[in-house]
Structure formats: C-alpha cells, structure tokens
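Taken in order, these protein sequences are the chains called X and U. The first sequence begins at 1 in UniProt numbering and counts up one residue at a time. The second sequence begins at 1 in UniProt numbering and counts up one residue at a time. All remarks here apply to the structure that follows.
Number of protein chains: 2
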Amino acid sequence: MDNATMKKALHAYVDAFNANDIERLIALFSDEASVEDPVGTPPKTGRKEVEAFYKESISGARLELLAPPRGSYRNAAAITFAVHTEKEGQPIRIDVTDVMTFDSNGKIATMHAYWGPDDIQQL
Amino acid sequence: MDNATMKKALHAYVDAFNANDIERLIALFSDEASVEDPVGTPPKTGRKEVEAFYKESISGARLELLAPPRGSYRNAAAITFAVHTEKEGQPIRIDVTDVMTFDSNGKIATMHAYWGPDDIQQL
Numbered sequence: 001m002d003n004a005t006m007k008k009a010l011h012a013y014v015d016a017f018n019a020n021d022i023e024r025l026i027a028l029f030s031d032e033a034s035v036e037d038p039v040g041t042p043p044k045t046g047r048k049e050v051e052a053f054y055k056e057s058i059s060g061a062r063l064e065l066l067a068p069p070r071g072s073y074r075n076a077a078a079i080t081f082a083v084h085t086e087k088e089g090q091p092i093r094i095d096v097t098d099v100m101t102f103d104s105n106g107k108i109a110t111m112h113a114y115w116g117p118d119d120i121q122q123l
Numbered sequence: 001m002d003n004a005t006m007k008k009a010l011h012a013y014v015d016a017f018n019a020n021d022i023e024r025l026i027a028l029f030s031d032e033a034s035v036e037d038p039v040g041t042p043p044k045t046g047r048k049e050v051e052a053f054y055k056e057s058i059s060g061a062r063l064e065l066l067a068p069p070r071g072s073y074r075n076a077a078a079i080t081f082a083v084h085t086e087k088e089g090q091p092i093r094i095d096v097t098d099v100m101t102f103d104s105n106g107k108i109a110t111m112h113a114y115w116g117p118d119d120i121q122q123l
C-alpha cells in the first residue's frame with residue numbers, strides 16, 4: 001500500500017466524519033475491520049460493530065487535523081487531530097492520534113486511537 | 001503505567017534528544033527495548049543497537065513537538081513532531097509520529113516511528 005493512497009484515505013476519513021456521512025465513512029473500512037478506540041479498550045470488530053461505533057461518535061463531533069498524515073515503509077499511517085464535541089451539553093475537546101493499517105484493497109483494516117482520560121478538556 | 005508518567009517520559013525524550021544528551025536519552029529505554037524507526041524497517045533491539053541508532057540520529061537534529069503527547073487506556077502513548085536536521089549539507093524536515101509502549105518500571109519498551117519517504121521535505 002503506497003503512502004499517497006493511505007494519506008488520501010485518511011483525508012477522506014476526516015472529510016466524511018465532518019460531513020456526518022456515515023456511509024462514506026464506513027466505506028473506507030474493510031468488512032473485517034477492527035477499531036480499538038481508545039487503545040486499551042475492547043475493539044469493535046466487523047462492519048456491524050464498527051458502524052454502530054461511528055454512528056454513536058460522529059454525531060455533533062468535528063475532527064480538526066493538527067498535522068499532515070504520516071506514512072511509513074509498510075501498510076500503516078497516522079493522523080493527529082482534536083475532536084471537538086459535547087459531553088452532557090458542555091463543549092469538550094479530545095486530543096487523539098489514530099494509527100491505521102490498510103489491506104491490499106486500500107481499505108482500513110485496523111484502527112488504534114491513542115487518547116486517555118487526561119486528553120479530554122472541558123472548554 | 002499511568003498517562004502522566006508516560007507523558008513525562010515523552011517530554012524527557014524530546015528534551016534529552018534536543019540537548020544532544022545520548023546518556024539521558026538511552027536511560028529512558030528498557031535494556032531490551034525495540035525501536036522500529038521508520039515503521040516497516042528492521043527494528044533495532046537491545047541497548048547496544050538502540051544506542052548506536054540514536055548516536056547516529058541525534059547529531060545535528062532537533063525535535064519540534066507539534067501537539068501534546070497522547071495517552072491511552074493501557075501502557076501506550078504517542079507524540080507527533082517534526083525533526084529538523086540535515087541531509088548532505090541541506091536542511092530537511094521529517095514529519096513523524098512515534099508510538100511508545102512502556103514497561104512496568106516506566107521505561108520505553110517499544111518505539112514505532114511512523115514516517116515514510118514522502119514525509120521528508122527539503123527546505
């Protein structure tokens with residue numbers, strides 16, 4: 001998987017998320033994708049669980065890319081961003097880095113989201 | 001491993017690197033640490049290989065943190081930064097995201113550096 005293809009997919013991920021377009025977002029993932037968000041919690045596995053997770057998290061949330069995506073010398077790439085969303089009616093910001101791996105069709109195979117309890121700020 | 005301890009170690013990593021202090025930098029790693037930099041290339045394993053790698057890469061290079069470190073719900077954390085260095089006498093910038101895992105003593109056990117050939121800019 002070349003870096004240009006992976007980075008294009010990561011930009012498409014941010015764009016689909018911010019457009020609140022769950023179908024376009026889910027189409028970026030493989031049917032067997034695994035999403036561990038945040039890292040250290042049980043992964044969501046397969047289209048049904050992944051879609052349910054994003055339906056929950058996409059609503060009212062906006063991703064702000066903080067740096068260009070990074071590639072690698074294999075099928076992995078990373079994005080660093082802030083999530084602007086709400087919790088119990090109050091605006092919050094969550095600082096996150098996602099590492100994605102891709103299958104041979106250019107679909108996201110795994111996603112690991114690095115953020116912990118102290119990466120959430122009440123605004 | 002709590003997030004505050006991991007983030008403190010990541011800031012210490014950047015500070016030691018920028019001070020060109022190889023001993024202070026290496027002291028942050030476990031003796032059995034594995035460093036895959038960039039991801040997709042053979043890892044450097046154990047103190048001797050890790051030290052040789054950093055001796056080579058630290059010289060004349062400066063790390064610029066682009067966002068605060070991110071934690072997680074296990075022993076992993078991430079930093080996103082630019083490396084300012086030189087290649088054949090010309091200034092270059094490399095855009096990188098490092099994911100580190102930590103052992104129970106708070107030492108870096110593994111490091112994965114996400115950057116690819118198109119994350120290098122000639123300045």
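Backbone N, C-alpha and C fix where the C-beta goes; we use that ideal spot for every residue, glycine too.
| Check | Outcome |
| --- | --- |
| Does X/VAL83 get closer than 8 Å to chain U when you measure Cβ to Cβ? | no |
| Is there a C-beta anywhere in chain X that falls below 8 Å from the one on U/ALA78? | yes |
| Just confirm the distance between the C-beta atoms of X/ARG93 and X/HIS84, as a whole number of angstroms; I'd bet it's less than 8 Å. | 6 Å |
| So, does the CB of X/VAL14 fall closer than 8 Å to a CB anywhere in chain U? | no |
| Spatial neighbours of X/ARG24 within its chain, please: CB distance less than 7 Å, with the 5 preceding and 5 following residues excluded, ordered by chain position. | ALA16 |
| Taking X/ALA82 and X/GLU64 to be in contact with their CB atoms under 8 Å, please state how far apart those CB atoms are, rounded to whole angstroms. | 5 Å |
| Any idea if U/LEU10 is buried or exposed, counting beta-carbon neighbours within 10 angstroms, 16 or more meaning buried? | buried |
| Which residue marks the beginning of the alpha helix (DSSP H) containing X/VAL35, and which one marks its end? | No alpha helix (DSSP H) holds X/VAL35; the beta strand (DSSP E) holding it covers 29 to 36. |
| Can the beta-carbon of X/PRO7 be found less than 8 Å from the beta-carbon of X/PRO69? | The displayed chain sequence assigns Lys, not Pro, to residue 7 of chain X. Yes; because the gap between Cβ atoms is below 8 Å, this pair is in contact. |
| What residue range is occupied by the uninterrupted alpha helix (DSSP H) comprising X/VAL14? | 3 to 18 |
| Going by C-alpha to C-alpha distance, which of X/MET100, X/LEU66, X/GLU32 and X/ILE58 sits closest to X/GLU86? | X/ILE58 |
| Can you tell me whether U/ASP31 is buried or exposed? The criterion is at least 16 other CB atoms within 10 Å of its CB, across all chains shown. | exposed |
| Cα separation between X/ASN105 and U/ASP21? | 44 Å |
| Could you tell me the distance, in whole angstroms, from the CA atom of U/GLY60 to the CA atom of U/ASN18? | 9 Å |
| In terms of residue numbering, what span does the alpha helix (DSSP H) encompassing U/VAL50 cover? | 46 to 58 |
| Starting from the beta carbon of X/SER72, find every residue of chain A whose beta carbon is closer than 8 Å, and list them in chain order. | Checking the listed chains, one finds no chain A in this structure; the protein chains it contains are X and U. |
| Evaluate X/ALA76 with the Cβ neighbour count: other Cβ atoms within 10 Å of its Cβ, from every protein chain shown; 16 or more gives buried, anything less gives exposed. | buried |
| Got a sec, what are the start and stop residues for the alpha helix (DSSP H) X/GLU23 sits in? | 22 to 26 |
| Which of the three DSSP states, helix, strand or coil, is assigned to U/PRO91? | strand |
| Could you tell me which of X/PRO38, X/ASP118 and X/LYS44 sits nearest to X/ALA109, measuring between CA atoms? | X/LYS44 |
| Report, in whole angstroms, the separation of the C-beta atoms of U/VAL14 and X/VAL99, which I expect to be a contact under 8 Å. | With a Cβ gap of about 20 Å, U/VAL14 and X/VAL99 do not count as contacting. |
| Pull out every residue of the stretch 90 to 110 of chain X whose Cβ sits closer than 9 Å to any Cβ of chain U, in chain order. | ASP95, VAL96, THR97 and VAL99 |
| Opposite U/ASP98 in the DSSP bridges: which residues? | U/ILE79 and U/ALA113 |
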